[in-house]
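In full-length UniProt numbering, the protein residues as written are 1 to 452. Virtual Cβ for every residue (Gly too), placed ideally from N, Cα, C. Working notes, structure below.
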Amino acid sequence: MKTFDKILIANRGEIALRVIRAAKEMGIATVAVHSEADRNAMHVHLADESVCIGPAAASKSYLNIPSIIAAAEITGAQAIHPGYGFLSENAKFADIVSAHGLTFIGPKAEHIRMMGDKITAKQAARDSGIPVVPGSDGGVATVEEAMAAAETIGFPVLIKAASGGGGRGMKVAKDRDSLAEAVMSAQSEAAAAFGDGTVYMERYLQKPRHIEIQIIADSHGNVCHLGERDCSLQRRHQKVLEEAPSPVIDKAARDKIGKVCVDAIKKIGYLGVGTIEFLYEDGEFFFIEMNTRLQVEHPVTEYVTDLDLVREQIRIAEGYPLSFTQDDIDLTTHAIEVRINAENARTFVPSPGTVTDFHAPGGLGVRMDSAIYNGYAIPPYYDSLVGKLIVHGRDRPEALSRLKRALQETVVSGIDTTIPLFLDLLNEKDIQTGDYNIHWLENWIKAQTPAG
Ligand code: ADP
């Protein structure tokens with residue numbers, strides 16, 4: 001067991017703040033790193049120390065491994081928290097951090113590597129007893145191979161990038177005629193986005209929900225699941241709203257899939273927090289991928305479990321056992337998160353600019369995780385997420401009415417945000433009843449857009 005005195009946060013935005021907050025509460029000093037474009041960013045103001053690690057382009061700063069390691073060495077940080085995105089799922093980075101005698105606050109490099117390639121991830125999941133989406137057993141290199149696989153799987157099929165993320169490199173083929181085009185465009189999109197054109201194929205599910213299980217494992221062999229999050233409200237395969245628990249999962253179903261996940265995680269010897277993502281259709285779970293990091297939507301789990309997941313991550317990295325057991329996890333309340341992006345709520349065109357006025361909502365059961373402030377100029381170089389509004393209620397109706405009230409209270413002027421989208425969605429009966437799948441939002445957006 002060791003105790004960190006100082007940690008470095010290799011990230012920016014709200015997630016850097018999230019980690020700084022947990023560290024401060026634990027009495028751990030914090031080092032922020034930032035690009036030249038982020039000199040006035042909130043994480044730089046809140047950390048105890050800060051180091052500029054390069055120019056605005058992420059490839060030269062937040063992805064610049066030598067600069068980040070040098071910043072940790074100069075400041076005497078003992079550990080690095082990678083947040084999400086950037087280097088958080090880069091196994092090479094985890095290895096380099098350890099090689100410099102620093103602790104990577106995250107899983108072992110071998111598991112980041114295993115889950116980073118979706119083909120090996122699916123193989124590992126299947127071998128560990130997790131049900132997977134029917135599909136090609138490995139990559140499909142040629143159109144002929146793809147045709148043979150598709151005949152076995154049955155149309156429609158989805159072509160996906162082995163190194164994919166953020167919903168990119170995915171193409172649907174409805175029938176034989178559209179397959180060649182789908183395979184080739186997925187391959188070239190994947191090669192351009194991820195430097196790896198390898199693609200594989202899955203049955204394209206028609207009306208699934210996206211349901212993911214949060215797991216947590218310490219270095220003493222203790223593993224727990226923290227229930228599910230329902231992230232079915234998506235646009236372009238990216239999450240827009242997340243809730244816990246799922247409106248369609250009862251305790252029996254949760255206990256069952258939770259146990260499957262815990263057994264698999266024990267089997268592979270995973271360490272830290274992780275999320276096993278499934279599509280759920282007609283009462284059946286199908287694994288799609290595992291994320292080996294803290295997720296954007298972790299606060300909904302924190303609300304319903306009353307745990308601080310970042311604190312747990314740091315304690316696990318220090319070598320402590322989990323501070324709770326599976327029996328302590330009793331999920332009876334409800335939490336919802338909405339992603340507030342600097343985008344037009346109708347057209348989704350990005351809207352970077354200066355925030356002329358910002359007022360965060362408050363009151364019982366309301367949490368705003370955001371790095372913006374009055375007068376803050378949002379740089380155009382990074383992700384459009386400017387805040388996460390998370391609400392907690394005794395049950396789903398209470399969480400929904402609290403969400404509406406909190407959204408109405410929020411003021412973000414000077415830029416466009418997705419807040420009006422959520423206010424509109426809350427008027428929809430399907431959202432009120434929880435009757436939506438992964439295609440619901442895209443269909444709704446189409447129906448709102450005037451033809452022509
Ligand atoms: P990424 O890593 O790019 O986010 P995922 O494999 O996690 O990719 O999938 C993202 C989303 O794409 C899912 O939440 C779901 O909406 C959709 N999707 C993925 N696989 C399938 C499938 N086999 N059938 C239907 N939709 C899918």
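P208 has its CB nearer than 7 Å to a heavy atom of ligand 1. In terms of Cβ geometry, T292 and P107 form a close pair [threshold 8 Å]. Counting C-beta atoms within 10 angstroms of its own C-beta, L17 has 16 or more neighbours from the protein chains shown and is therefore classed as buried.
Contact check for A121 against A109 fails: the beta carbons are separated by 8 Å or more.
For F86, there is no enclosing beta strand (DSSP E), as DSSP gives it neither H nor E.
Rounded to the nearest whole angstrom, the C-alpha separation of H225 and G258 is 6 Å. Within the chosen limit of 7 Å, ligand 1 reaches the beta carbon of L205 through at least one heavy atom.
Taking the Cβ of E277 as the reference point, at least one heavy atom of ligand 1 falls within a distance shorter than 7 Å.
Look at G363 here: in three-state DSSP terms it is coil, with no helix or strand label. With a contact defined as Cβ atoms closer than 8 Å, I415 and V355 qualify at about 6 Å. In the structure shown, E110 falls within a helical segment according to DSSP collapsed to helix, strand and coil. Just measuring C-alpha positions, the residue of E228, P350 and R402 sitting nearest M368 is R402. Taken through DSSP and simplified to helix, strand or coil, L307 comes out as coil. Per DSSP, the continuous alpha helix (DSSP H) segment holding Q408 begins and ends at R396 to E409. Bounds of the alpha helix (DSSP H) holding M147 are V143 to I153. Per DSSP, the continuous beta strand (DSSP E) segment holding V240 begins and ends at Q238 to A244. Within the same chain, and ignoring the five residues on either side of G197 in sequence, the residues whose Cβ sits closer than 6 Å to its Cβ are Q187, A190 and A191.
Per the coordinates, the alpha-carbon of S136 lies some 18 Å from the alpha-carbon of S178.
Residue range R176 to F194 is occupied by the alpha helix (DSSP H) that includes A182.
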